[in-house]
Amino acid sequence: MKIVGMKKVVAVLAALLLLAVVAQFFLAAFGAFNNAPREEGFGPHRALGYSILALAFVVTIAAALARMPGRVIGMAGLAVGLVLLQVVIKEVAGAIGDGSTVAQLIFGLHAVNGLLIMGAVEEVMRRSRKISWKPAEQSAEPSRAAS
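Just so we're aligned, residue 8 is where the sequence shown starts under the numbering used here, counting upward by one.
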């Protein structure tokens, strides 16, 4: 596959990743406000979270293979790291105890980190789209209107 085509693939994958991150916020709210037991209510949120991790990794590798600028590759890698941090935040808050104020404050970082993930992914999508779909270059000779 040509490098130009790969760059478009990166842009499309980044857009899908951003869509998944937005859906993740919906699933978090759905899990928090439904009547199902906690583990059952957050099941879809958890499953999509691991899918986001895999997709962010794929975007990072695809960006590197497409020879995207280092900032795009780095931001995609940052998204992978931030998604991994989500798991760490959840585990640390759970280890402290669900009812404690400290655990709730630490778990609040889970939402803040989610916003950071969305920002990183949005930046990857915006930059990769700008690189992939450059406007057609103007011809050197201006077009003449018909007389």
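Ideal placement from N, C-alpha and C gives every residue a C-beta, glycine not left out.
Counting other Cβ atoms within 10 Å of its Cβ, residue 137 stays below 16 and is therefore classed as exposed. Distance from the CA atom of residue 60 to the CA atom of residue 69, rounded to whole angstroms, is 14 Å. For residue 81, the closest C-alpha among the options 64, 115 and 101 is that of 64. With fewer than 16 other Cβ atoms inside 10 Å of its own Cβ, residue 39 counts as exposed. Annotation for residue 45: the continuous alpha helix (DSSP H) segment containing it runs 45-48.
Fewer than three beta-carbon pairs drawn from the region 41-55 and the region 107-115 are found closer than 8 Å, and the two stretches are therefore not classed as touching. In this structure, residue 27 keeps its C-beta atom at 8 Å or more from the C-beta atom of residue 52. Less than 8 Å divides the Cβ of residue 13 from the Cβ of residue 73. DSSP, read as helix, strand or coil, puts residue 75 in coil. Per the coordinates, the alpha-carbon of residue 101 lies some 27 Å from the alpha-carbon of residue 24.
Between the alpha carbons of residue 125 and residue 33 lies a gap of roughly 13 Å.
Judged by their CB atoms, residue 21 and residue 135 are nearer to each other than the 8 Å cut-off. Rounded to whole angstroms, the Cβ separation of residue 128 and residue 86 is 5 Å, and the two are in contact under 8 Å. The continuous alpha helix (DSSP H) containing residue 137 extends over residues 108-139.
Contact annotation, residue 83 with residue 94: C-beta distance approximately 18 Å; criterion of less than 8 Å not satisfied.
Out of 121, 141, 17 and 56, the CA that lies nearest to the CA of residue 75 is found in 17.
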